[in-house]
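These notes are about the structure you will find just below.
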Amino acid sequence: MASPTPDAPDSITKEIRFAVVMYGGISLAIYMNGIAQELLSMVTATSGKSPDEQKGTARIYSAIARRLNDTINQTKCDPASEEKKIFRHKFIVDIISGTSAGGINGVCLAKGLVCGLDNLKALKNTWLNEGDIDKLLNDNQSELDIFCSKEPKTSLFNSQRMYAKLLQAFKDMSDESAAAQPAPPHVETLDLFVTATDLQGIQTPIILCDGQARERIHKHVFPFSFRSTGTSTGKTPEPNHFDSTHDPILAFASRCTSSFPAAFEPVTLNDTLAYLKKRHRQEYATFCLHLENEWKEDFFNCYQGYTDGVPLEEREFADGGYLDNRPFGHAIKAIHNRYADCPLERKLLFIDPLPETDNRLRGRTEKKEISFVQNATLAAFSLPSYETIRQEINDLTERNAWVRTVDSVLQKVDAQNTQRLKSIIEEDFDTYSAKNKENSEDLQLKTKLFSSYAVMPHGTQASETNPIADFWHYIARQKSSSKPTRQEQKKIDGTRYEEMDLLAMIKKLGDGYTPYHYTKVTALTEQLVEMLVRACGFDHRQDLCQRMRTLVENWRTEHFKSLQSECASDKDQQTENIFFRNYDLDFRIRRLDFFRKKIETAIGADNVSALYFGLYDAEDNAPCDEELRTRLIGFYATLVEGLRSLYRMKEHLMSRGRRNPFAQEIDRLLPLLKEDAAQAASDADASFPERFHALMKRLNDLIKDGFEGCTGSIDVSTMIDDAFITLGTPYPAIAARMKYIYRFGYDLYDSTTFQLMAGGDYGEGTQIEIYRISPADATSLWDESTRKNRKGETLSKLAGTSLGAFGGFLDREWRHNDIMWGRLDAAERIINVLLPQDRDNSDSDRDFRRDMIDDAHRIIIRETLEEWSNELDSTRFTSNRDGSQYGRLKEILKDIDTEGWQEKFKTKYDFNRDLEPEPNLQRLGRSSGILSSMIDRLDTGEGMTGKISGYLKKLNWILLGLLDFSTPKTFKSVILGYWMNLLVLVSAVIITGGYLIDIIDTQSTAAASFKVLGFALLGVTIVILLFRQHLETHIHQLSCRKSTRLALQILQWGALALLCIALFILVSTLYQVGGEIWELLRNSYTHNLQAIADAILRFMSGLLQRS
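Residue 1 is where the sequence shown starts when you use UniProt numbering, and the numbers rise one by one after that.
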């Protein structure tokens, strides 16, 4: 991961590694986008650009890195000299795990890191422009002619549009990276985990003692990886799942993980392929090709060998938050699998956009009995979906305590190992002296073996008068990668441990070696089993893994024995130490890592006595001069290069399927092994053990000689030997003791520590610090626990928390607000993580941290409000509240560089918390129509389901009518929008008029004409209405083909022509009977007036008579 960089070969990089866990949160994805932007800025700050090239908050994080450099180097060089600093800090995000809203932002952050981008504007613009409910709602306004939707509806939002916009965002990021010719990645290693839920699930066996049990697995995870090609010297392709080729599958995973129930429908591979085939031919061809050749193995490996009746392409994947809304497990496992090749700190950040509030802040509440309804609701909905993280946090806390215990024990073991090691060295010196007859008279000099007498002057060669110096000189220059010459074998042959059996090793290293030996045999056997099952691609099959374990154990016991007396030369049998030499990569890695830490300690403490390993009694405190420091850093660089080579080899051999070089050997030597290990053994009969042994020999060749992209263990040993010789020329005392530990002494050290570290996930060997980013944790500018409105209610800084976390989709202003607070909260928390308060050594440390937070906040607020106000200005304030918000933003920007700007910001800033009624009434009406269509899909017309559906649709019609009636309209909008409804009304009026005329004048022919015309017009209108509804229901079910849509449009025009004919008939009829109708109405009117006048006269006459 890190090594001395080309532009600073005299330095050692200290990494601060971040693993990031992103929760789900629906529209709070917009808030998390701001957090992702700040994490990217933090990484870019130390990715290679000079401070003058940094932009935005990256300048702040770069200043923090320089401050940390000054702190760690203050005792080793001049703090004012940047060039001479030994340790340099680098901030890295190398693990991301996300679900739902967090999954989308996790994909975007990972792609930005790998593509070398400086910002995430592509996804930010997607959230601002496309995270709008007016575009999301699954009706005509979501461009159904482009983004087809099922009819009747299956979701409130247009799911295919969601996929298309995510795909476009990722393509824009790829194009932006390519435009930078291309931009180098910000990281060398990255793992991303995106969770989803397989609604059908897959039934898998569980191995029991006497049989099997079965259960369904619904959790699914998409594991995306990146390994820099710069870490490989060969042609073997390193995985890069974030290039432009993978954009369609990245968008698919993002679409799966965010399929919130009812809002977005579950997605299948066939749905995605159908869309790509129509709209993105090139991406369709890419998807089909890579799905069969790579992606099924990379992202759907758990389905290999299991069909369960549902093909992979038809499986419906939904929101990962159903079962895993807080995906800690994947990130923690990845941390345990990480390795250390430099000094480092490990941080785990989890992003919780909607944290629980402290009940103690709510005051006392009266205890109420839980009713049976509440009890049923809790059991059915609330409690099953309540996901805790306590167990994961407790596990990490226990793991940290275990690491501290291991480190403490290792320090204590060092002293005991030194005494035992001195005895072994004395024995080897006796053997050395006995083999060299000319020096046999100096055997008594071994009492000076660890004194200054053993130290040769600078640059001197071996001396016959100083056999001890000759011994150390021989050790320093001896190579371990090849067999010793005859002369070397004559001098010392008791030190080639791989040729010794168990009894000889016990005699050499003590009785404690026995448990170490058998623990290592078991661990190495399990590692070989894992290599084989991963190469075969069935590591998810518990039954096949057990069969492979049996094969490997039988092979090992047949060819490797504990004692030399048990080995038969005619059966190609050797000691188990040869087994270790041939296959044990982990021992080589542990040994190099041991020396890496020793050198880091020596350079960091400016004291090289640690490199004598207690084997030089005269040196208790040896300072590290500049020349020795330069030599040690050069040796360190070689050491790290060898360590990374071995790590890379192990990663390749532990990879799955085609990426594993061992898989090619299995295809060539024993292909049946991939199908069924037990069947391979039975079918091959007598030839199988021999063929399996040949296969394992080939694995030994791969480890020893290497393969494309990986350096073999022999070349690594040669490289380390050369580095020892280079260091030993000017500093033989240090090089000799280090070399002795490397070749002979580390076995003793490992035998006393291996069992301890094998008991848990030691991984990087450092403690994991856990932090949270949430609105409740960043309180410098807005403390939600104390900020109240006039009613005394908590005032949230986020708009996305409203309306069940859907609020961010309702207003563009709200989205601007949430992105800004995401950046502000993230900047404050990141700075507190990099400069924790418990490490403050002075007031200047606290002042520096506070200044960094203030400067970061100022940069973010200025960038956000300038963009926001410019956008408002360009739209010329579509509403009064836009104008008031514009003025508020301008006032804040005017004060941003003045003293006390924070208090002014707290006082003046807020967003409009009241939604505008008219657009939201329209949205509610649109949503009701979509829900009605969704109910239609459930309505079978029979039984209780049909009745409930009918009632719900009637309720929906009433609601739509009320909403429609209460929305102000112009006369023009009424005519244009409701002409069909008006025709029905006109038909009813004409029919009613015909019956009234018939009552008034039974002899009139106009009454019959009116009734015929009215019923004819009503019939034609009803036919047109039904036809239009049928088209609206099925037009999008017909795969949205252009030819189909054209045919349906022709039918619609035909219906319009019928309507015009009906109107023509109406006008003609009115013209023909117009005169008669007028006479009838006039006569009726005159007759009615006369009758009314007579009645009035009679009434007046009666009054006069009474008076």
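Positions of the beta carbon are idealized from the N, C-alpha and C atoms, including for glycine. Only a predicted model underlies this, so the values are computations on that prediction, with no experimental measurement involved.
Fully contained in the segment 166–238 are the following beta strand (DSSP E) runs of length 3 or more, in chain order: 189–207 and 212–227. In this structure, DSSP gives methionine 500 a state outside helix and strand, which the three-state scheme calls coil. Bounds of any beta strand (DSSP E) do not take in tyrosine 275; it lies within the alpha helix (DSSP H) bounded by 269–279. Here DSSP, grouped into helix, strand and coil, assigns asparagine 325 to coil. Around the CB of glycine 102, 16 or more other CB atoms lie within 10 Å, so the residue is classed as buried. For the pair of segments examined, the segment 586–602 was found to touch the segment 742–756: the number of CB pairs separated by less than 8 Å reaches three.
Between the alpha carbons of glutamate 626 and serine 774 lies a distance of about 47 Å.
In the structure shown, tyrosine 339 falls within a coil segment according to DSSP collapsed to helix, strand and coil. Contact check for leucine 615 against phenylalanine 662 fails: the beta carbons are separated by 8 Å or more.
Under the three-state reduction of DSSP output, asparagine 301 falls in the helix class. The alpha helix (DSSP H) runs of length 4 or more contained entirely in the segment 117–159 are, from start to end of the chain, 121–130 and 133–136. According to the DSSP secondary-structure assignment, glycine 706 is paired through a beta bridge with Thr711. Here DSSP, grouped into helix, strand and coil, assigns aspartate 543 to helix. Buried is the label assigned to serine 142, since at least 16 other Cβ atoms lie within 10 Å of its Cβ.
Secondary structure at valine 413: helix, using DSSP grouped into helix, strand and coil. Tyrosine 513 sits in a helix when the DSSP states are folded into three classes. Looking at the backbone, the Cα of threonine 418 and that of tyrosine 746 are separated by about 11 Å.
Counting only unbroken stretches of 4 or more residues, the alpha helix (DSSP H) elements lying wholly within the segment 571–646 are 576–583 and 585–604, in sequence order.
In this structure the segment 800–815 touches the segment 26–35; the number of beta carbon pairs closer than 8 Å is three or more. One Cα belongs to phenylalanine 170, the other to leucine 68, and the distance between them is close to 35 Å. For isoleucine 16, the enclosing beta strand (DSSP E) has its first and last residue at 12–22. By the Cβ-count criterion, leucine 344 is buried, with 16 or more other Cβ atoms from all chains shown falling within 10 Å of its own Cβ. When Gly800, Tyr322 and Ile1022 are compared, the shortest CA-CA separation from phenylalanine 381 is found for Tyr322. For threonine 268 against glutamate 314, the beta-carbon gap comes to about 6 Å, under 8 Å, which counts as contact. Restricting attention to Lys448, Ala263 and Ala164, the CA atom closest to the CA of serine 155 is found in Ala263. For glycine 34, the enclosing alpha helix (DSSP H) stretches over residues 29–44. Residue pairing by DSSP places leucine 344 opposite Glu15 in a beta bridge.
Our two residues, leucine 396 and arginine 346, have alpha carbons roughly 12 Å apart in a direct line. Taken through DSSP and simplified to helix, strand or coil, asparagine 240 comes out as strand. With the rule of 3 Cβ pairs closer than 8 Å, the segment 857–872 counts as touching the segment 819–828. In terms of Cβ geometry, histidine 89 and isoleucine 12 do not form a close pair [threshold 8 Å]. Listed in chain order, the beta strand (DSSP E) elements of length 3 or more contained wholly in the segment 706–774 are 768–773. Where serine 97 is concerned, the enclosing beta strand (DSSP E) starts and stops at 87–98.
When only Cα atoms are considered, methionine 548 and proline 671 end up about 14 Å apart.
If you draw a straight line from the Cα of isoleucine 603 to the Cα of arginine 772, it is about 34 Å long.
Of the candidates Gly24, Leu120 and Ile60, Leu120 places its Cα closest to the Cα of glutamine 37.
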